[in-house]
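Residue numbering for the sequence shown follows the UniProt record's numbering, beginning at 1 and increasing consecutively.
All remarks here apply to the structure that follows.
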Amino acid sequence: MDRYLSNAVNRIDQKGRVSVPAHFRAVLAKRSEGDLYALRALDIPALDVGGLDLLDRYEARIAREDPFAQAADDMSFFCHGDGAFLKLDGDGRITVTDFMREHTGIGTEVAFVGRGQFFQMWEPARFHAYREEARARLSRSRRNQVGPRPLGGTE
Numbered sequence: 001m002d003r004y005l006s007n008a009v010n011r012i013d014q015k016g017r018v019s020v021p022a023h024f025r026a027v028l029a030k031r032s033e034g035d036l037y038a039l040r041a042l043d044i045p046a047l048d049v050g051g052l053d054l055l056d057r058y059e060a061r062i063a064r065e066d067p068f069a070q071a072a073d074d075m076s077f078f079c080h081g082d083g084a085f086l087k088l089d090g091d092g093r094i095t096v097t098d099f100m101r102e103h104t105g106i107g108t109e110v111a112f113v114g115r116g117q118f119f120q121m122w123e124p125a126r127f128h129a130y131r132e133e134a135r136a137r138l139s140r141s142r143r144n145q146v147g148p149r150p151l152g153g154t155e
């Protein structure tokens, strides 16, 4: 498996560390990711976390912009000034910092959420609320589609 799938909630220990779920660590190992890059998500109270490929993806987007344009400056500020590197210790844990807590509201537990090529870190109650909102939006969108429904679909 080379995608971040599913979700898990892990408790932060007394030293402020949390274990990255084993199935996420397996993806990191398969990708030979030594460093983790974290970025405060733009529109939601979560961190986007991945290997250097996540940072590369943002930097490739910046490179397509006029370097003197405000958009390029804003994107650089966002991905470089609002991002941080995280270190996994030998036991697969990361330290939960103020950088993470300020944006997410994380307290004593962290929800790890797979997003395919990267994963997110959430405060669990906020994750559960957002998941319900996302499901409701998708359900409304599905009901509003015109045309035949797929076999086995539910209303």
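Backbone N, C-alpha and C fix where the C-beta goes; we use that ideal spot for every residue, glycine too.
*Whose CA, out of E109, S32, R142, S139, lies closest to the CA of N7?*
E109
*asked:* Between the alpha carbons of Q145 and E133, how many angstroms are there, rounded?
replied: 19 Å
*By Cβ distance below 7 Å, which residues in the same chain neighbour I12 in space, the five residues on each side in sequence not counted?*
Same-chain partners within the cutoff: V18, V96, T108, E109, V110.
*Please specify which runs of the beta strand (DSSP E), each continuous and at least 3 residues long, are wholly inside the stretch 63 to 112, giving them in chain order.*
83 to 86, 93 to 95
*Could you tell me the distance, in whole angstroms, from the CA atom of D48 to the CA atom of P124?*
15 Å
*asked:* Run through the DSSP bridge pairs and tell me what F119 is partnered with.
replied: V49, G114
*Decide if the stretch 38 to 53 is in contact with the stretch 113 to 124; the criterion is three or more beta carbon pairs, one per stretch, under 8 Å apart.*
yes
*Among residues of its own chain, excluding the 5 on either side of L88, which ones have a beta-carbon nearer than 7 Å to its beta-carbon?*
V20, L36, I94
*Could you spell out the range, first to last residue, of the beta strand (DSSP E) harbouring S141?*
Element bounds for S141: not the beta strand (DSSP E) but the alpha helix (DSSP H), 124 to 144.
*Among all the DSSP beta bridges, which residues are the ones paired with V27?*
Partner(s): none; V27 has no beta bridge.
_8 Å contact criterion, which L55 and F118 should meet: CB distance rounded_ = Their Cβ separation, rounded to whole angstroms, is 10 Å, which puts L55 and F118 out of contact at 8 Å.
*asked:* So for R57, helix, strand or coil by DSSP?
replied: helix
_Only counting the same chain, and skipping five residues up and downstream in sequence, which positions put a Cβ closer than 7 Å to that of D2?_
V27, K30, R31
*Would you decide whether L42 is buried or exposed? Buried here means 16 or more other CB atoms lie within 10 Å of its CB.*
exposed
*Under the three-state reduction of DSSP, which class applies to A41: helix, strand or coil?*
coil
*M100 to R142, Cα distance in whole Å?*
Those two C-alpha atoms are separated by around 34 Å.
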